[in-house]
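Colleague:
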């Protein structure tokens, strides 16, 4: 469901659910707290498989962002158009760095 992989100074998170929402956000938060190293320089979140995202999942991503304390970026990779539209509607494209990999496009 959620795959956390440490990188040099950071963390890569693969979210493997079609609907990232209140039904699974508690597991995401618990896994993040349990597996996340103390200080992170950057976090990459791959949303390629996520078709729908709700406010609780957005809140979870913002809590990851706050965990960085301005030390590094949180990058959102490969959001589907429906997910990207929610991020843009909430103006979070100003908070998160959005990356679309050519292979995923």
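Residue numbers (this note's numbering): 3 to 107. Built from N, CA and C at the ideal position, the CB exists for glycine as well.
1) Can the beta-carbon of residue 17 be found less than 7 Å from the beta-carbon of residue 49?
2) Go ahead and pull the three-state DSSP assignment for residue 75.
3) Just how far apart, CA to CA, sit residue 3 and residue 51?
4) Tell me, which residues are paired with residue 55 by DSSP?
5) My guess is that residue 95 and residue 77 are in contact by the Cβ rule of under 8 Å, so how many angstroms apart are they, rounded?
Modeller: Judging by the given coordinates:
1) Here residue 17 is taken as the residue at index 15 of the chain shown, counted from 1. Here residue 49 is taken as the residue at index 47 of the chain shown, counted from 1. Cβ atoms of residue 17 and residue 49: closer than 7 Å.
2) Numbered from 1 along the chain shown, position 73 holds the residue referred to as residue 75. Coil.
3) Numbered from its first residue, the chain shown carries residue 3 at position 1. Numbered from its first residue, the chain shown carries residue 51 at position 49. If I take the Cα positions, the gap works out to 10 Å.
4) Against the chain shown, residue 55 aligns to sequence position 53. Answer by DSSP bridge pairing, in chain order: 22.
5) Reading the chain shown from its first residue, position 93 is the one you call residue 95. Reading the chain shown from its first residue, position 75 is the one you call residue 77. The pair is not a contact, with the Cβ atoms about 12 Å apart (cut-off 8 Å).
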